[in-house]
Amino acid sequence: MAQAATKVLTAHIPLPLADKVDQLAQRLERSRGWIVKQALTAWIDQEEERSRLTREALADVDSGQVIDHQAVQAWADSLTTANPLPLPR
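Right, dumping it as structure tokens:
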């Protein structure tokens with residue numbers, strides 16, 4: 003199996019965070035690089051999902067698929083009452 007090409011990235015990491023990386027690497031018996039790669043992959047996945055959801059929400063707004071603020075506020079206010087309102091649609 004061919005190894006994927008790699009690139010070295012350098013970053014200044016606060017000492018407490020670097021210590022946590024070292025602790026995790028030791029506990030998991032993995033390298034620092036492996037820990038950083040896992041964390042960076044997870045963060046990028048999260049940011050890509052956030053971007054996708056934002057674009058989806060903006061498309062809903064552009065197409066008029068929105069819920070009136072007053073309806074949402076009334077629903078939220080009703081959640082602490084004995085008879086909460088149904089979820090606004």
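Numbering-wise (my numbering), the sequence shown opens with residue 3 and increments by one.
Built from N, CA and C at the ideal position, the CB exists for glycine as well.
Neighbourhood of residue i by C-beta, 8 Å cutoff - its chain only, sequence neighbours within 5 removed
| i | result |
| --- | --- |
| aspartate 62 | Val68 |
| tryptophan 77 | Pro86, Leu87, Pro88, Leu89, Pro90 |
| glutamine 25 | none |
Distance, residue j Cα to residue i Cα
| i | j | result |
| --- | --- | --- |
| alanine 41 | threonine 82 | 39 Å |
| leucine 46 | arginine 29 | It is worth fixing the name first, because residue 46 is isoleucine in this sequence and not leucine. If I take the Cα positions, the gap works out to 24 Å. |
| threonine 12 | glycine 35 | 11 Å |
| glutamate 58 | serine 65 | 11 Å |
| leucine 55 | aspartate 70 | 20 Å |
| glutamate 49 | methionine 3 | 30 Å |
| lysine 39 | valine 74 | 41 Å |
| leucine 17 | serine 33 | 17 Å |
| leucine 19 | alanine 27 | 12 Å |
Residue burial classification, residue i (beta-carbon count within 10 angstroms, cutoff 16)
| i | result |
| --- | --- |
| isoleucine 37 | buried |
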